[in-house]
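Here is the structure we will look at, set down as structure tokens.
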Amino acid sequence: MSRLIRRRLSGTIDLLRLHRHDPARYPLLLESSAHALDASARKHAHWDMLLVADGAGVACDRAGTLHDLQGDALAGGFLDHLERDWQAHRVAPDRADADLPFRGGWAVFCAYEVAEEIEPTLTLPLAAGDGPRAVALRCPAAILRDHATGESIAIAEDGCGEWIDRIEHDLQASTAHGEPAWHSPVEIAEDDPQHFLDGVVAVLRHLHDGDIYQANLSRGWQARFAQLVDPSVLHARLRAANPAPFSGLFVHDGWALASSSPERLVTIREGIASTRPIAGTRPRIAGDDDQARIRELIDHPKERAEHVMLVDLERNDLGRVCVGGTVEVDELMTVESYTHVHHIVSNVRGVLAPDASPIDVLRATFPGGTITGCPKVSCMRIIAAQEGIGRGAYTGAMGWLNRDGDMDLNILIRSAEVTGDSVRFRTGAGIVLQSIAAKELAETQAKARGLLRALGMEE
């Protein structure tokens with residue numbers, strides 16, 4: 001057992017400004033944007049946190065080669081290495097610190113293509129750009145901000161108290177930094193809509209043939225700027241344009257990821273593993289009748305059938321790492337409303353098996369069934385054939401892993417990758433037998449609205 005060092009921080013703490021002061025030291029910012037959400041979504045938005053990296057960690061390039069942060073190649077896969085690292089630093093849970101979410105561990109990012117490590121029969125196309133396939137950064141300290149009280153606390157692992165002193169020093173130094181300006185892109189390219197429509201037709205053939213029951217098909221946008229993009233400014237704009245409970249900013253080695261995700265992949269909290277699938281979407285338009293739109297969504301036979309099927313998939317995933325008979329759906333078909341869309345959401349949870357590690361849970365649930373389809377592996381092969389390019393960060397995951405085994409990861413939807421002067425993002429739609437291609441195309445466009453607004457594009 002290892003007790004945390006805590007220190008309450010006075011005044012109003014600007015976590016984004018502190019991240020901007022030294023992105024390498026503060027690589028992962030998670031902000032729930034709770035103040036801007038409807039009550040239905042707000043209950044999942046309790047903490048903001050900024051993790052402090054100590055310079056140790058590993059990264060996997062887009063082709064799958066693993067290396068340490070000095071660039072030296074390492075043998076094996078990313079998930080195997082993360083498992084070994086977690087086992088080496090593992091500590092027993094301390095109930096005295098159970099009130100805090102992050103208690104020292106790792107900042108974690110997994111691109112969609114990490115699925116090749118989980119299902120070796122998969123061969124997925126390379127993602128565009130130069131972003132990493134996976135990153136794990138050792139983070140022995142953090143700043144945690146409680147939405148309920150407004151208080152901020154600096155925490156550090158036992159024996160790492162000097163990091164709290166560094167945090168307080170950096171807070172003083174960061175106050176001198178001004179807000180960088182934002183410049184809209186000089187051009188933005190959207191994937192050919194016809195390519196997506198043709199892909200829907202191909203997926204429908206697989207559905208008619210009984211190969212699959214549902215598949216998520218996506219399409220991309222790429223923006224080019226006249227200057228380097230400041231990821232922190234994009235994150236701030238995205239947070240304002242599309243507030244969400246699982247928002248965040250991850251920066252590593254010239255690459256960044258700004259996310260306004262509404263969806264949790266999986267969390268482990270005191271021996272309970274939970275996943276929170278989203279399936280079923282309607283656009284939310286100014287002047288619209290929200291309640292009428294929600295009733296139409298929740299009562300639609302296609303949406304209900306698709307959602308229940310994907311909840312069953314998540315039950316099966318958790319069943320592989322939970323004690324038999326403990327997996328349950330404790331929340332079924334709730335509607336959560338966001339700035340630009342309404343979603344149907346459920347919650348599935350189970351008691352984690354004693355011999356299951358958090359990396360086992362990640363392997364069991366990644367990538368999320370709501371953004372692949374059912375059955376998962378068959379859908380991923382079809383997706384690869386129809387999309388023709390790797391997804392990269394899109395429908396991957398980011399978040400944190402504690403030394404004591406607790407973990408929280410989002411699904412990277414409504415998220416944009418930043419490299420140099422370019423920004424890339426994708427959106428998708430779930431295809432079932434009753435799907436109409438034009439409506440699924442419109443759904444991808446509705447999901448892109450918040451990202452396009454953040455980029456400075458007219459809707």
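Numbering-wise, the sequence shown is residues 1 to 459 according to the UniProt record's numbering.
Cβ coordinates follow ideal geometry from the N, Cα and C atoms, glycine included.
With DSSP collapsed to three states, give me the class of Ala142. Along the sequence shown, one-based indexing puts residue 142 at 142. Looking at Ala142 - three-state DSSP - the assignment turns out to be strand.
For Gln222, is the classification buried or exposed, using 16 other Cβ atoms within 10 angstroms of its Cβ as the cut-off for buried? Start at 1 with the first residue of the sequence shown, and residue 222 comes out as number 222. With 16 or more other Cβ atoms within 10 Å, it is buried.
Mind checking who Asp252 pairs with in its DSSP beta bridge? As a first step, residue 252 must be located in the sequence shown, where it is residue number 252. Here residue 252 is His; the residue named in the question, Asp, does not match the sequence. Beta-bridge partners assigned by DSSP to His252: Trp255.
Would you please state the rounded distance, in angstroms, between the beta carbons of Pro262 and Leu249? I believe it to be under 8 Å. Taking the first residue of the sequence shown as 1, we reach residue 262 at position 262. Taking the first residue of the sequence shown as 1, we reach residue 249 at position 249. Distance from Pro262 to Leu249 at the Cβ level is roughly 16 Å; contact not present, criterion being Cβ atoms closer than 8 Å.
Alpha-carbon to alpha-carbon, Arg320 and Val432: Position 432 of the sequence shown, counted from the first residue, corresponds to residue 432. Position 320 of the sequence shown, counted from the first residue, corresponds to residue 320. Straight-line measurement puts the Cα of Arg320 at about 26 Å from the Cα of Val432.
Exposure of His385, with buried meaning 16 or more beta-carbon neighbours within 10 Å: For the purposes of this step, residue 385 is taken as the residue at position 385 of the sequence shown. Looking at the sequence shown, residue 385 is not His but Ala. By the beta-carbon neighbour count (other beta carbons within 10 angstroms, threshold 16), Ala385 is exposed.
Among all the DSSP beta bridges, which residues are the ones paired with Cys160? As a working note, residue 160 is residue 160 in the sequence shown. Per DSSP, Cys160 has no beta bridge partner at all.
Under 8 Å between C-beta atoms of Leu352 and Ala273: Taking the sequence shown and counting its residues from 1, the one referred to as residue 352 is at position 352. Taking the sequence shown and counting its residues from 1, the one referred to as residue 273 is at position 273. Using a Cβ distance threshold of 8 Å, Leu352 and Ala273 count as a contacting pair.
6 Å CB neighbourhood of Phe425 in its chain, flanking five on each side removed: Residue mapping note: residue 425 aligns to position 425 of the sequence shown, counting from 1. Around Phe425: Trp221, Ala416, Leu451.
Simplified DSSP state of Arg224, which is helix, strand or coil: Here residue 224 refers to the residue found at position 224 when the sequence shown is read from its first residue. Three-state DSSP puts Arg224 in a strand.
Rounded Cβ spacing between Leu144 and Leu100 (contact assumed at less than 8 Å): Taking the sequence shown and counting its residues from 1, the one referred to as residue 144 is at position 144. Taking the sequence shown and counting its residues from 1, the one referred to as residue 100 is at position 100. Going by Cβ atoms, the distance from Leu144 to Leu100 rounds to 6 Å, so yes, they are a contact pair.
According to DSSP, simplified to helix, strand and coil, what is Trp182? The residue you call residue 182 lines up with position 182 of the sequence shown. In the structure shown, Trp182 sits in coil (DSSP, three-state: anything other than H, G, I, E or B).
Quickly, what does DSSP pair Cys322 with across the bridge? List them, please. Start at 1 with the first residue of the sequence shown, and residue 322 comes out as number 322. Cys322 is bridged to Leu352.
Which residues in the same chain have their Cβ closer than 7 Å to the Cβ of His21, if we skip the five residues on either side of it in sequence? Here the question's residue 21 lines up with position 21 in the sequence shown. The answer, listed in chain order, is Asp170, Ala173, Ser174, His177.
Answer with buried or exposed for Ile436, where buried requires no fewer than 16 other C-beta atoms within 10 angstroms of its C-beta. To locate residue 436, count along the sequence shown from 1; it is residue 436. Result: exposed.
So Ala156 packs on Leu51, CB below 8 Å; how close in whole Å? On the sequence shown, position 156 is the one that residue 156 refers to. On the sequence shown, position 51 is the one that residue 51 refers to. Not a contact, Cβ separation roughly 11 Å.
Spatial neighbours of Ala36 within its chain, please: C-beta separation below 6 Å, excluding the five flanking residues on both sides. By 1-based counting over the sequence shown, the position of residue 36 is 36. Confidence is the limiting factor: at Ala36 the pLDDT is only 46, short of 50, which leaves the residue's position unreliable, though a coordinate-based value still follows. So the list reads Pro243, once near-sequence residues are dropped.
If we require 4 or more residues per run, which alpha helix (DSSP H) segments fall completely within the region 12 to 84? Under the rule that a run must span 4 or more residues, the alpha helix (DSSP H) segments found entirely inside the region 12 to 84 read 15 to 21, 39 to 42.
Given this structure, state the Cα-to-Cα distance separating Glu306 from Ala115, to the nearest angstrom. Against the sequence shown, residue 306 aligns to sequence position 306. Against the sequence shown, residue 115 aligns to sequence position 115. The alpha-carbon atoms of Glu306 and Ala115 are separated by roughly 23 Å.
Check the Cβ-Cβ distances between Asp317 and every residue of chain C, and say whether any is below 8 Å. Among the chains of the structure shown, chain C does not appear; only one protein chain is present.
Compare the beta carbon distance of Glu113 and Arg133 with 8 Å and say whether it is the shorter of the two. What you label residue 113 is simply residue 113 of the sequence shown in a count that begins at 1. What you label residue 133 is simply residue 133 of the sequence shown in a count that begins at 1. It is a contact, given that the beta carbons lie within the stated cut-off.
From the DSSP output, read off the bridge partner residues of Pro283. Within the sequence shown, residue 283 is the residue found at index 283, counting from 1. DSSP, once it has assigned bridges, lists Val341 as partnering Pro283.
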